[in-house]
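S.K.:
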RNA sequence: GCCGGGAUGGCGGAACUGGUAGACGCGCCGGACUCAAAAUCCGGUUCUGGCAACAGAGUGCGAGUUCGAUUCUCGCUCCCGGCACCA
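Numbering (the working numbering), first residue to last: 17 to 908.
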């Protein structure tokens, strides 16, 4: 066994070892054992004192803006935050080492419902609760060692922040991009308040338990649909975004080409419907309208059954998922509509799956060619008229299934025989000719409702005057400050009750007037914060020239759950800001990384009433029994508990693992290393206590290897590649192969797990390497230096100390990324796989420059290969250079 | 329901452009060190058969394309995320 140089010193414990290479003015003493707390405290102090990560614009280097989605200050960091921010920090530090001028800021998405819920529960004003949480979470982020420019920190609940979105709102109002209309909300009749969807549980208010009603209220809307085409089309240019996110946004915008057409009804009323399938028009068997449709309201008075039906629809869910899965019900309205082409009478029905807020509140129904209409027609005995048949003329049982694909028209009068696309055009033209229809482009995307009947949000800066109507708050009166000493109690609207807030005078006429008491959707704040970081200290303008210096964000990192809403709203805002002349780029985020969830096992105990008491994984011990079954027991007491599978860490399942406990026990570097190593960033990350131990063990192993180098070796010697032994040359090749791989993994691929694995492999080889002599020692040191540099973005504290232990000075965070020496990669022989009919039969060593013929001869020469081709004739030889030879052999 | 994603050893995962399936880590087994334990170090570890050499099977299920498929195509199953007032 190799004697450890450490034992030569006859020391134990954490005795100080002074080495010539580290006794520098800025050096940390390198102790024998790795003490994360000591290392991290001193390195963080140095970053803080040196303001090492504050970004300046007047820097010759190319800027790189790296941003992680800012957190909602819920109280404590959770594992999802640790993962998100570590990914961002690794990218930022990697880019910094690649010579870029990196901006990485951090802030707080500080408005939102949880603060109001906390106020209700604990009687603390949301403002105080939020600011306390921010302080606590800031401390935790600093403890994790993220390279943030804290001088740009912002919180969206600060008037200095939200005043600018009030300002922008007024500009948009002036431009006509903001309007007011009635929209439906969840109304809790007991608490007299509007509920968020998440506060409605099984149709009842979460606090009062009262059945939630749908109520119409005037709401502010932003015309995002004006930008629908641009938002859709520029997705094609976002090559740095995951294809799945772009696909989700495309579907969300849902642009379609169709026809809007009119059915005239008895009594001269007109029902306008939109369809993407005018080719099926001859198959219409009824028209369905929303229960809230005005045509319905006129008829409920003398039809009690209809009235009852409409009433039963009043409290139906309106989420898309509710509509799609609920039982489809309807009632005939007793009205007939005239088919725009044939003039035939088709009945009008009221249906619970049609929404007034969607399109025109009416749809044409073609049971033969739409699944939902088909089911509805079968249920109510409505006719199913087939007007499209499969292109190949194949049989189709239309009673059994709707035929929803394109095909050829049948039973459609003059259009019979046309293909669906031909009929689309012909029918559209026929409708246009009669003035009963027009081609239209439609969007699934709806205008963005930005009003919230909430207290803890940014006030909407308008005043309602009895005489003048809606009057904008003059720019000089901004910001409209939200009073902060309010404690919501869950009933009513706090701002509507607060006379000192809403009682005001009309800026136009001076009469007594009422201030708007709705606040903005919190997506409003998060739609432009990324830009404000660039000009965070500017109290005279929303943004300034520095925005264009940094933007667009080079790398944005956040959860996949924001794939549509937040990311679409931010893209929309960016275009609004551009059109205001505040920026010049078209898109806010060039490259996007969406990280997966953090999941953990769940454990529970069944209650007598059938409910489940969830038990935190920290209290449970899992063992494998002899029969291979796993058994979960309480650590205290040994009681057996049930296993509930892997779930996203959450309060409701009590399966959260507190990052603070992890940091306290192993240090920030281990927390960072584990979260980066356990899974690729875009997949879900499974929590594992033993995995954390493994990550920590690796850092201790690395520390020990550097410590040994540090003690036995004098000043670094540059290896002379031409004079190395085979073993040293092989190790050096491994180093440079690793540099090439890790550079690609961190830069292009963003697979941090494989970058760490490659460094582990390299360290394993360094550990096994026991060649004596100064050249070997210098190769070893070159390898260790390489590992320290390559791991620095991931474990920045320990790598700083190891960097100095290896005889270097200054911040490793500012060091240059290692470069690949192409000469080190040269090989003379390669291992080649030999297959016979695709099955591996041998591995042979061949000269790297062997010709095809030589390779084939060497492959055929192998004894095991010969055994497998004996009696067969080789028909074909496939050679993949550097990889394999495949002999295709068959019997004669 | 619609849209998006996932499934590979006992476990997390690797295999990047169709080319040696299981890198790296965890767990487990064996050994060294120790009075002993912990820690640490060394070795083994997809399954089946075999002392071994080696052979057979194997990437959720069922087909297909190919000399060759975890990778491409078609058809399924199960699990997860989003669905407009949670952020």
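All C-beta atoms in this analysis are idealised placements derived from N, C-alpha and C, irrespective of residue type, glycine included.
For residue 33 and residue 828, I'd like the C-alpha separation in whole angstroms.
M.R.: Its pLDDT being 36, under 50, residue 33 is placed unreliably in this model, and the coordinates cannot settle the point.
S.K.: Distance check for residue 612 and residue 815, CA to CA, integer angstroms please.
M.R.: Roughly 27 Å between the two C-alpha positions.
S.K.: When the distance is taken between beta carbons, is residue 807 closer than 7 Å to residue 552?
M.R.: No; because the gap between Cβ atoms is not below 7 Å, this pair is not in contact.
S.K.: How would you call residue 310, buried or exposed, if buried means at least 16 neighbouring beta carbons within 10 angstroms?
M.R.: The residue in question, residue 310, is exposed, as its Cβ has fewer than 16 Cβ neighbours within 10 Å.
S.K.: Are there 16 or more other CB atoms within 10 angstroms of the CB of residue 497, so buried, or fewer, so exposed?
M.R.: Residue 497 should be labelled exposed.
S.K.: Out of 752, 635, 791 and 800, which has the shortest C-alpha to C-alpha gap to residue 723?
M.R.: It is 800.
S.K.: I'd like the list of long-range same chain contacts for residue 113, defined as Cβ closer than 6 Å, with 5 residues on each side in sequence excluded.
M.R.: Only 833 meet the Cβ criterion.
S.K.: In whole angstroms, what separates the C-alpha of residue 363 from that of residue 332?
M.R.: For residue 363 and residue 332, the distance between alpha carbons rounds to 24 Å.
S.K.: Does DSSP put residue 771 in a helix, in a strand, or in coil?
M.R.: If DSSP states are grouped into helix, strand and coil, residue 771 belongs with the helices.
S.K.: Relative to the C-alpha of residue 432, which candidate in 120, 296, 412 and 307 has its C-alpha closest?
M.R.: Measuring from the Cα of residue 432, the nearest candidate turns out to be 296.
S.K.: By DSSP, does residue 38 sit in helix, in strand, or in coil?
M.R.: Reliability of the predicted coordinates at residue 38 is poor, the pLDDT of 41 falling under 50, and no value is obtained from them.
S.K.: Which whole runs of the beta strand (DSSP E) in the region 114-187 are 3 residues long or more, in chain order?
M.R.: Entirely contained in the region 114-187, the beta strand (DSSP E) runs reaching 3 residues are, in chain order, 117-119.
S.K.: For residue 906, list the residues DSSP reports as bridge partners.
M.R.: Looking at the DSSP assignment, residue 906 forms a beta bridge with 889.
S.K.: Whole alpha helix (DSSP H) runs in the region 210-286 with 4 or more residues, listed along the chain?
M.R.: Runs of the alpha helix (DSSP H) inside the region 210-286: 244-249 and 259-269.
S.K.: Looking only at its own chain, which residues have a Cβ that is under 6 Å from the Cβ of residue 907, when we skip the five neighbours before and after it?
M.R.: Result list for residue 907: 888, in chain order.
S.K.: I need the straight-line Cα distance from residue 849 to residue 860, nearest angstrom please.
M.R.: When rounded, the distance between both Cα atoms is 7 Å.
S.K.: Are residue 231 and residue 463 touching if we call contact CB-CB under 7 Å?
M.R.: No. Outside cutoff.
S.K.: Would you check if the distance between the CB atom of residue 265 and the CB atom of residue 584 is smaller than 7 Å?
M.R.: In contact: residue 265 and residue 584 (Cβ atoms closer than 7 Å).
S.K.: Starting from residue 858, trace the beta strand (DSSP E) both ways and give me its first and last residue.
M.R.: That run of the beta strand (DSSP E) goes 855-863.
S.K.: Give the secondary structure of residue 5 by DSSP, where H, G and I count as helix, E and B as strand, and everything else as coil.
M.R.: Past the edges of the chain, shown from 17 to 908, lies residue 5, and the structure says nothing about it.
S.K.: Is it buried or exposed for residue 591, if we count other Cβ within 10 angstroms and need 16 for buried?
M.R.: So residue 591 counts as buried.
S.K.: Just verifying my parser: in three-state terms, what is the DSSP assignment at residue 683?
M.R.: Note: residue 683 maps to coil in three-state DSSP.
S.K.: What separation, rounded to the nearest whole angstrom, lies between the Cα atoms of residue 136 and residue 129?
M.R.: Going from the Cα of residue 136 to the Cα of residue 129 covers about 11 Å.
S.K.: How about residue 96 and residue 614: do their beta carbons lie closer than 7 Å?
M.R.: Result yes, Cβ atoms of residue 96 and residue 614 sit closer than 7 Å.
S.K.: What are the partner residues of residue 365, as DSSP defines its beta bridges?
M.R.: Paired residue(s): 304 and 348.
S.K.: So is residue 915 buried or exposed if we call it buried at 16+ other beta carbons inside 10 Å?
M.R.: Outside the shown range of the chain, which is 17 to 908, sits residue 915, and nothing can be said about it.
S.K.: Inspect the beta-carbon positions of residue 509 and residue 571 and report whether they are closer than 7 Å.
M.R.: Cβ distance not < 7 Å, so residue 509 and residue 571 don't count as in contact.
S.K.: Could you pull the DSSP bridge partners for residue 849 from this structure?
M.R.: Note: residue 849 sits in a beta bridge opposite 859 and 900.
S.K.: Tell me the DSSP secondary structure of residue 290 in three-state form.
M.R.: If DSSP states are grouped into helix, strand and coil, residue 290 belongs with the strands.
S.K.: Taking C-beta to C-beta, are residue 767 and residue 761 nearer than 7 Å?
M.R.: In contact: residue 767 and residue 761 (Cβ atoms closer than 7 Å).
S.K.: What separation, rounded to the nearest whole angstrom, lies between the Cα atoms of residue 618 and residue 627?
M.R.: In a straight line, the C-alpha of residue 618 is about 15 Å away from that of residue 627.
S.K.: From what residue to what residue does the alpha helix (DSSP H) around residue 204 run?
M.R.: From DSSP, residue 204 is part of no alpha helix (DSSP H) but of the beta strand (DSSP E) over 194-204.
S.K.: Could you tell me the alpha carbon to alpha carbon distance between residue 384 and residue 303, rounded to whole angstroms?
M.R.: Roughly 14 Å between the two C-alpha positions.
S.K.: Please report the residue range of the beta strand (DSSP E) in which residue 617 lies.
M.R.: 614-622 is the span of the beta strand (DSSP E), which, as asked, contains residue 617.
S.K.: Could you give the distance in angstroms between the alpha-carbon of residue 481 and the alpha-carbon of residue 182?
M.R.: Each residue's alpha carbon lies about 19 Å from the other.
S.K.: Please name the residue in 596, 318 and 343 whose C-alpha comes closest to that of residue 328.
M.R.: Ranking 596, 318 and 343 by Cα distance to residue 328 puts 343 first.
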